[in-house]
Amino acid sequence: MLRTRFMALSTRVLKCDPLSISFPESASTPVISSPETLSALETASHELVHNLQTVAFPTETVYGLGALALDVSATSKIFSTKGRPADNPLIVHVSSFPMLRTLLPQDYVLSESYTALIKHFWPGALTLLFPGDPKIIPSIITAGQPTVAIRMPSHPVARALIAVANTPLAAPSANSSGKPSPTRAEHVLRDLDGKIGLILDGGACDVGLESTVVDGLHSDGAIRVLRPGGITVEDIERVLHEEMGDSPKVLVHRRDYRDEVMEAAPTTPGMKYRHYSPAVPVYLLYTASSPPNGVQLLEAGAFLASLRDTGTGERPVKVGILTPRDSLLGTCSLPTDGIEWMRFPLGPTAEPSITAHLLFDGLLTLEQQGVDLILIEEVQEEREGLAVMNRVKKAAGESRWIRFNTNVSPSRLLRVVDSS
Ligand code: TXA
Ligand code: MG
């Protein structure tokens with residue numbers, strides 16, 4: 023066990039072994055074979071239920087900062103700890119279908135599309151909007167909106183914690199507002215050390231970015247994806263088609279439709295507030311897409327070499343670079359004069375799920391390594407790539423459109439620039 027002291031709170035980190043937790047069909051509570059894990063979960067549950075404190079815990083998407091969803095004073099600690107604006111609603115996490123039922127209006131009947139999505143993706147990285155009953159859900163959770171966002175996480179530690187506490191947990195990502203979401207317990211500790219009492223360490227999160235937020239409550243029957251995430255739009259479309267035949271339309275916010283009223287409200291995930299930004303500037307590099315009208319297309323080697331001018335000249339500029347490992351930018355040799363490069367490969371181009379898994383880890387790792395700025399290369403907005411680009415566009419303060427001269431191999435091109 024690790025113990026650190028800072029400000030008022032002492033932050034404990036307790037290990038949990040996800041493999042020691044199972045959920046037998048017949049039992050209402052999980053079976054936990056590791057005494058260490060059981061004890062950690064009981065300690066966490068005590069903090070949540072009796073002390074009304076927050077606890078950070080792993081989910082399959084990112085680490086969450088949990089508190090009792092139905093207790094206003096507990097939930098308000100989430101907002102104060104993260105510095106989260108009060109008008110940004112929270113997701114409620116449940117561990118079972120009976121628990122979900124307790125949160126919904128009595129006369130509410132699941133639609134055919136929700137039934138299909140729940141059957142295939144719960145427990146998992148899919149958040150659904152439901153009608154919010156103000157007699158059940160405190161307005162601090164919904165930020166006064168008529169809907170409540172609910173998901174059932176699949177991570178054994180998350181699900182077991184909710185089951186042991188025996189009550190739904192509100193949980194945003196366990197980071198200070200505006201920062202990248204944490205995917206390992208160390209990320210949470212670095213950010214919130216001294217501000218929270220307990221972190222459950224269940225290892226690295228599988229998915230690496232947050233759940234897909236879906237609104238299927240509109241009278242047109244369409245499924246609106248408010249935030250792309252761990253469950254891909256392609257998978258949602260496939261499942262609805264398989265289960266329903268004449269399946270509803272799946273519309274991705276900002277790709278397929280705009281909603282000005284919704285965009286003015288902070289309920290649209292990640293629209294109103296700064297998001298996913300490390301402490302250093304982040305540039306999004308478009309290496310394949312064409313620039314918008316009036317925006318200059320830069321020659322790649324010259325652009326990369328010009329980054330040396332962003333420093334004071336007293337030492338080389340440290341540039342972090344997040345790219346698929348087999349992309350042009352990922353494989354080119356980089357100009358070394360006045361620049362120290364730190365590469366963080368994001369897996370192969372053909373496997374966007376690996377890019378998703380590594381993106382936040384890359385941003386947080388490079389920040390910790392003390393880079394002066396971070397470059398992220400665009401990926402195709404398909405499958406998990408859609409969610410990756412959604413986060414990257416928000417993390418990046420600026421974008422540049424660059425092109426490698428394809429008549430010259432990228433490595434030669436950069437050597438030419440280097441020697442100039
Ligand atoms: O994977 C996840 O979803 C993680 C883990 C911890 O479960 N949680 C997470 O929470 O990402 P957070 O608070 O960082 O993001 C939740 C997003 C917010 O941007 C919020 O705008 C949106 O969900 N949201 C919550 N309730 C909503 C509602 N009633 N209507 C529309 N959007 C809502
Ligand atoms: Mg968040």
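Numbers given in this note's numbering equal positions in the sequence shown, counted from 1, plus 22. Cβ coordinates follow ideal geometry from the N, Cα and C atoms, glycine included.
Query: Beta bridge counterpart(s) of residue 114 as assigned by DSSP; Result: 172 and 192
Query: Alpha-carbon to alpha-carbon, residue 326 and residue 334; Result: 17 Å
Query: Per-residue burial, residue 173 [other beta carbons within 10 Å of its own, 16 or more giving buried]; Result: buried
Query: Assigned exposure category for residue 83 - 16 Cβ within 10 Å defines buried; Result: buried
Query: Under the three-state DSSP convention, the category residue 78 falls into; Result: strand
Query: Residues bridged to residue 275 (per DSSP); Result: 279
Query: Closer than 7 Å: residue 115 CB and nearest ligand 1 heavy atom; Result: yes
Query: Contact between the region 250–270 and the region 109–122 (3+ Cβ pairs under 8 Å); Result: no
Query: Neighbourhood of residue 186 by C-beta distance below 6 Å, restricted to the same chain and skipping five residues each side; Result: 63 and 67
Query: Proximity test, residue 385 beta-carbon vs ligand 1 heavy atom, cut-off 7 Å; Result: no
Query: Residue burial classification, residue 404 (beta-carbon count within 10 angstroms, cutoff 16); Result: exposed
Query: Host beta strand (DSSP E) of residue 86 (start-end); Result: 85–90
Query: Beta-bridge pairing of residue 149 - partner residues as DSSP gives them; Result: 235
Query: Cβ shell of residue 486 (< 6 Å), same chain only, five flanking positions each side left out; Result: One cannot answer for residue 486 here, as it falls past the ends of the chain, which runs 23 to 442.
Query: Neighbour flag for residue 157 against chain B, beta carbons, 8 Å; Result: Among the chains in the structure shown there is no chain B, since it carries only a single protein chain.
Query: Residue 412 classed as buried or exposed, judged by whether at least 16 other C-beta atoms fall within 10 angstroms; Result: buried
Query: Shell residues, 7 Å Cβ cut-off relative to heavy atoms of ligand 2; Result: 194, 195, 197, 203 and 232
Query: Cβ neighbours of residue 425 in the same chain (closer than 7 Å, five flanking residues each side left out); Result: 319, 321 and 322
Query: Residue 92 and residue 189 closer than 8 Å at C-beta; Result: yes
Query: Of the listed residues 168, 331 and 252, nearest to residue 360 (C-alpha basis); Result: 331
Query: Where residue 382 falls: helix, strand or coil (DSSP); Result: helix
Query: Helix, strand or coil at residue 435 [DSSP, three-state]; Result: Since pLDDT at residue 435 reaches only 43, below the 50 mark, its modelled position is unreliable, and the value read off the structure follows with that caveat. Residue 435: helix per DSSP, three-state reduction.
Query: Inter-stretch contact (C-beta, 8 Å, three-pair minimum) for the region 190–205 and the region 340–350; Result: no
Query: Runs of alpha helix (DSSP H) lying entirely within the region 296–361, each at least 4 residues, in chain order; Result: 322–328 and 350–353
Query: Counterpart residues of residue 367 in DSSP-defined beta bridges; Result: 345
Query: Near ligand 3: residue 412 beta-carbon under 7 Å from a heavy atom; Result: Only ligand 1 and ligand 2 can be found as ligands here, which leaves ligand 3 out of the picture.
Query: One or two residues paired with residue 44 in a DSSP bridge; Result: 53
Query: Cα-Cα separation between residue 358 and residue 145, rounded to whole angstroms; Result: 48 Å
Query: Distance CB(residue 205)-CB(residue 79) smaller than 8 Å; Result: no
Query: Proximity of residue 214 and residue 77 at Cβ, strictly below 8 Å; Result: no
Query: CA nearest to the CA of residue 410, picked from 376, 394, 387 and 422; Result: 376
Query: Beta-carbon proximity list for residue 432, same chain, < 6 Å, skipping 5 on both sides; Result: Low per-residue confidence applies at residue 432: pLDDT is 48, beneath 50, and the placement is therefore not dependable, though the value from the model is reported in the following sentence. For residue 432, where only same-chain residues beyond five positions count, the Cβ hits under 6 Å are 350, 354 and 426.
Query: Range of the contiguous beta strand (DSSP E) that encloses residue 211; Result: From DSSP, residue 211 is part of no beta strand (DSSP E) but of the alpha helix (DSSP H) over 207–214.
Query: CA-to-CA distance, residue 178 to residue 193, given in whole angstroms; Result: 16 Å
Query: For residue 39, three-class secondary structure by DSSP; Result: coil
Query: Cβ pair residue 147, residue 251 closer than 8 Å; Result: yes
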